[in-house]
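Under my numbering, read the sequence shown as residues 2 to 503, first letter to last. Beta carbons: idealized from backbone N, C-alpha and C, even for Gly.
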Amino acid sequence: MEIGRLLRILGTRWTVIVAFILLGIAGGAAAAVVTPVKYSASTRLFVGVQIAPGSSSSDLVQGNNFAAQKVASYVDVATSPRVLDPVIGILKMKTTAADLAREVTASTQVNSVVIEIAALAETPRSAAVLSRTIAESFANVVVNQIEKPADGSTSPVKVEILQPAVAPKTAAFPILPLNLAIGALSGLIIGFTLALAFGLLDRRLHSRSAVERVAGLPTIGVIGTDRVSRKHPIISSQLLRGIRAEEFRGLRTNLQYLNFAGQLKSFLVTSSVSGEGKTSTVANLATILAESGATVAVVDADLRMPHLAELLNLDASSGLTDVLVGRITVAEALRPWGQRAAVVILPAGNIPPNPSELLGSTAMTAVLAELSQNFDYVLIDAPPVLPVTDAVVLSREADATILVAEVNRVQESQLLAAIEMLRVGGTTPVGMVVTRVPRRGPDSRRYAFSGYYAPSHSESVNTASEISPQHSVASETSSRNSAVGSISVNPKSGGTNPASPE
């Protein structure tokens, strides 16, 4: 795996790792609370050989070597029933030798003649008493039973207590810092493994660069996301000085570069799957285009799940479907939107049983031609490409197609399939708008102008009259008047002129 991808996975899923570390620490603390407290006390024993008075130094060496060889085997004797059964009787314990052996350990160093017997108990005093009693029983078994000569003479082996056990001051178990460390390490391992697994299985595109790499299309707009944009997806007059508005001004500029010859009037805006922000992109782009003095018509061509009228708080009792079946005219179906009436909306209207046929009809071609003749821009909010064929059908009628792709939502296969479907249908998107790019985190977009254009929401509330003149051009009034004069809104059709929604 590439280091960059690994770091990105960890950067986007660090909360999973942190959560499991905290769970591990909590588990370690809980284990420390429920684990019975145990105290450990140790007794040290010296094992030697009886040496007769006047023995030579070689006899002493041989005796010491003999004792060292014996000590290794004596370690197992200390936890045997032969030693522990008498202890149980002396201390009147309600246990068995096998259970008691789990609380006792005997150890020695290599080539050493010293044995250490450690015992665990629930109180410091009982731990010390248990260790000393086991040591005494061990010495008795070794000297008087195991190493006792058959003729009844004195045993050649002697066992003496070097250091008797004393009551410990602190508990041996549980060790809270150790429990917490083990819990944290376990949580880290589990969290890292799960984060890595989820990251490898997640086929969504998590960054602008990933979207651009897969799509292979020019990026004409990058729209970020933050708390304010999630709460206010539509740019109103109160938010025209924020970062989000500036992002759409960048999109507007790129569209003007694409349309430097003025031949592109209608733009189809679609996405691979639903929920990628195409509808809010269309509405906000219309606002920013109108800000520059252009007249804009927005067509809600999603005849299956229309959202535009609801998003803009407009009457949708009649709309595009009524125009296509000849029930009303285009002028009667249009709804003015915005404080300066430079934007008109053609809602979807009633949901028909045959949306693909209506969108591919000559009536739809005539509607787009009429709007293109009377407005500077016609923005078509189309359904997503993959679920239905409506967007592919409409793309043949529009002058250009723009593909919206949301990071952290669209998958690589979905994006590639959508582009391929459009190309098979005879259309290649002129550009792509990457939406909901995080403004913080590993996939964030940095803004050199953020400090200038991003006042807080409370500071950005201004009237339209304070903002609009700064962005108007001399041709705005004449352009808007000519468009509205050509296609007027019939009040009987239910059109209203509400302010742009917050």
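query, result
"Beta-carbon within less than 6 Å of H458's beta-carbon, same chain only, minus the 5 sequence neighbours each way: which residues are those?", "Because H458 sits at a pLDDT of 40, beneath the cut-off of 50, its placement in the model cannot be relied upon, and the following sentence gives the value as read from the coordinates. Cβ within range, chain order: V229."
"What does the Cβ neighbour count give for L241, buried or exposed, with the cut at 16 atoms within 10 Å?", "buried"
"For L312, which residues of its own chain have a beta-carbon under 8 Å away from its beta-carbon, when the five flanking residues on both sides are left out?", "P234, I235, T280, S281, A284, P502"
"Could you check the C-alpha separation between I4 and W15 for me, to the nearest Å?", "16 Å"
"Which of the three DSSP states is assigned to M422 in this structure?", "helix"
"Buried or exposed, going by whether 16 or more other CB atoms sit within 10 Å of the CB of P348?", "buried"
"What are the boundary residues of the beta strand (DSSP E) that K159 is part of?", "158 to 164"
"Below 6 Å CB to CB, which residues in the same chain sit around L265 once its five sequence neighbours on both sides are set aside?", "D400, A401"
"According to DSSP, which residues form a beta bridge with P337?", "V345"
"By the DSSP assignment, the alpha helix (DSSP H) with F21 in it spans what residues?", "15 to 35"
"Go through the stretch 148 to 219 residue by residue and report every complete run of the alpha helix (DSSP H) that reaches 4 residues or more, in order.", "177 to 202, 209 to 216"
"If we call anything under 8 Å between Cβ atoms a contact, is L218 one with L252?", "no"
"Please specify which runs of the alpha helix (DSSP H), each continuous and at least 4 residues long, are wholly inside the stretch 80 to 111, giving them in chain order.", "82 to 92, 98 to 102"
"Please return the same chain residues whose Cβ sits closer than 6 Å to the Cβ of S267, not counting the five positions on each side in sequence.", "L369, S373, V379, A399, D400"
"Do you know offhand how far K170's Cα is from F21's?", "34 Å"
"Pick from N355, I289, S414: whose alpha carbon is nearest that of D377?", "I289"
"Taking the C-alpha atoms as reference points, what is the distance between I1 and T134?", "The structure shown has nothing for residue 1, since the chain only spans 2 to 503."
"Buried or exposed: which applies to S414, given that a residue is buried once 16 or more other Cβ atoms fall within 10 Å of its Cβ?", "exposed"
"Spatial neighbours of R525 within its chain, please: CB distance less than 7 Å, with the 5 preceding and 5 following residues excluded, ordered by chain position.", "The chain is shown from 2 up to 503; residue 525 falls before or after that span and cannot be answered."
"Is DSSP giving I135 helix, strand or coil here?", "helix"
"Against chain D, does A343 count as a neighbour if the rule is that its beta carbon must be under 8 Å from one of theirs?", "Among the chains in the structure shown there is no chain D, since it carries only a single protein chain."
"Mapping the DSSP letters down to three states, classify S362 as helix, strand or coil.", "coil"
"So A151 and T109 are supposed to be a Cβ contact under 8 Å. How far apart are they, rounded?", "Not quite, the Cβ-Cβ distance comes to about 27 Å (not below 8 Å), so this is no contact."
"Looking at T220 and A383, is the spacing between their C-beta atoms short of 8 Å?", "no"
"Since I believe A419 is in contact with V386 (beta carbons under 8 Å), could you give me their beta-carbon distance rounded to a whole number of angstroms?", "4 Å"
"Taking the alpha-carbon positions, what's the L315 to L395 distance?", "24 Å"
"Tell me which residue opens and which closes the alpha helix (DSSP H) that T254 is part of.", "244 to 259"
"With a threshold of 6 Å on Cβ separation, who are the neighbours of D301 within its own chain once the five nearest residues in sequence on each side are excluded?", "P307, L309, P348, A349, D382"
"What does DSSP give as the partner residues of S1 in its beta bridges?", "Within the shown structure, residues of the chain are numbered from 2 to 503, placing residue 1 beyond reach of any answer."
"Go ahead and pull the three-state DSSP assignment for D323.", "helix"
"Go ahead and label G90 buried or exposed: buried means 16 or more other beta carbons lie within 10 angstroms of its beta carbon, across all protein chains shown.", "exposed"
"Among I10, N375, I403, V438, whose alpha-carbon lies nearest the alpha-carbon of F193?", "I10"
"Mind checking whether A98 and P82 have CB atoms under 8 Å apart?", "yes"
"What does a CB cutoff of less than 6 Å around G327 pick up in its chain, not counting 5 residues either side in sequence?", "none"
"Considering only the beta carbon of each residue, do T363 and R397 sit closer than 8 Å?", "no"
"Between L359 and T322, how many whole angstroms is the CB-CB distance? I'm expecting something under 8 Å.", "7 Å"
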